[in-house]
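Here the structure is laid out as structure tokens; the discussion comes afterwards.
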Amino acid sequence: MGDLSDALAVSASGMAAQAARIRHVAENVANADTPGYRRKLVSFETEGQAAGMAGMAGMAGAGGAVAGAVRPGPVRLDDAPLARIFDPGHPLADETGYYDGSNIDLVVEIADAREANRGYEANLKLFDQTRQMQQGLIELIRR
Amino acid sequence: MEIGRTLAGLLSGQAAGRPGAAAGSAAAGRGTAGAAAPWPAPGAAAAGSLAGAFAADFAGTLAEAERAAAAALLDRGDTHVLVQAITSSQLAVETAVAVRDRVVEAYQEILRMPV
Chain A
1 MGDLSDALAV SASGMAAQAA RIRHVAENVA NADTPGYRRK LVSFETEGQA
51 AGMAGMAGMA GAGGAVAGAV RPGPVRLDDA PLARIFDPGH PLADETGYYD
101 GSNIDLVVEI ADAREANRGY EANLKLFDQT RQMQQGLIEL IRR
Chain B
1001 MEIGRTLAGL LSGQAAGRPG AAAGSAAAGR GTAGAAAPWP APGAAAAGSL
1051 AGAFAADFAG TLAEAERAAA AALLDRGDTH VLVQAITSSQ LAVETAVAVR
1101 DRVVEAYQEI LRMPV
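Residue numbers (the numbering used here), protein chains in the order written: chain A, 1 to 143; chain B, 1001 to 1115.
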């Protein structure tokens, strides 16, 4: 049962990683109008990668996660230039009448959200598929 | 947890005794003794036999599901962990019940055998 239950754990880690991604997209969209806000980027890492292929057959990586599972990596900030917004009445505006907005592009954020959604659906589908395989196997002894 | 312990007990050797008590008083004495002989004692089963290892693993899976459910109810857990734990425990219970049914069925088959 090892491989099938490991597959369940890996799919669950994939869903958790996509959830972390959508969380950061939500943060970015919420702060689209915050002056000086920089877009947060999250990249994924494989669990137990340092152990190499020898660790793949073994059980747990750090924190009880299955080797080969995915986890969200450290959050980085997008260093694209901030948008210069002209609004002389704004309290943050300098003597030229401009202030630094955020570097969020809503189109990019929505596309990222859609991608996270698709990734989540794929992991959910695989989770269900694995469960059905295991249930089919148990059906055999039940006759 | 009670269900887990009962099923774990049933799988680890007490299974040989219970259906005997339910199967009928006339054959119960001889039948239980005959069926219990190839099974290790409940205490020894946990030591290292396949059934004991399976029962311990099974109880561990159920305990993990309960821990995840409690954490989720207290708003401290991850829903993905909860769903994964509940799915594994569901599959473990299904396996245990299927194995138990097969053991009881085999035992009753022996009881029905004309001597």
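Every residue gets a Cβ at the ideal spot worked out from N, C-alpha and C, and that includes glycine.
Touch test, the region 112–125 of chain A against the region 12–23 of chain A, Cβ-Cβ under 8 Å, three pairs minimum: Because the criterion of three Cβ pairs below 8 Å is met, the region 112–125 of chain A and the region 12–23 of chain A touch.
Residues sharing a beta bridge with A:Lys40, DSSP: A:Leu77, per the DSSP bridge assignment.
Best match in A:Arg71, A:Gly101, A:Arg143 and A:Lys40 for proximity to A:Pro81 [C-alpha to C-alpha]: Residue A:Gly101 is the option with its Cα nearest to A:Pro81.
B:Val1099 to B:Thr1061 span [Cα, whole Å]: Taking the CA atoms as reference points, B:Val1099 sits about 17 Å from B:Thr1061.
Identity of the residues DSSP links to A:Phe86 by a beta bridge: For A:Phe86, which the question treats as bridged, DSSP gives the partners A:Tyr98.
Alpha-carbon to alpha-carbon, A:Ala9 and B:Arg1093: For the record, residue 1093 of chain B in the displayed sequence is Val; it is not Arg. When rounded, the distance between both Cα atoms is 18 Å.
Beta-bridge partners of A:Arg71, as assigned by DSSP: Answer is A:Glu45.
Check: A:Arg71 C-beta below 8 Å from any heavy atom of the ligand ZN: Although the ligand ZN was asked about, the structure shown includes no ligands whatsoever.
Cβ pair count under 8 Å reaching 3, the region 19–34 of chain A against the region 100–115 of chain A: Pairwise C-beta distances place the region 19–34 of chain A in contact with the region 100–115 of chain A, as three or more of them are shorter than 8 Å.
Rounded C-alpha distance that separates A:Gly93 from A:Arg38: It is Ala, not Gly, that sits at residue 93 of chain A in the sequence shown. Looking at the backbone, the Cα of A:Ala93 and that of A:Arg38 are separated by about 18 Å.
Where B:Val1115 falls: helix, strand or coil (DSSP): Of the three classes helix, strand and coil, the one that applies to B:Val1115 here is coil, per DSSP.
Reference B:Leu1091, options A:Asn103, A:Arg142, A:Ile104 and A:Leu106, closest by Cα: A:Arg142 is the residue among A:Asn103, A:Arg142, A:Ile104 and A:Leu106 whose C-alpha sits nearest the C-alpha of B:Leu1091.
Straight-line gap, A:Arg21 to A:Glu47 (C-alpha atoms, nearest Å): Take the alpha-carbon of A:Arg21 and the one of A:Glu47: they are about 17 Å apart.
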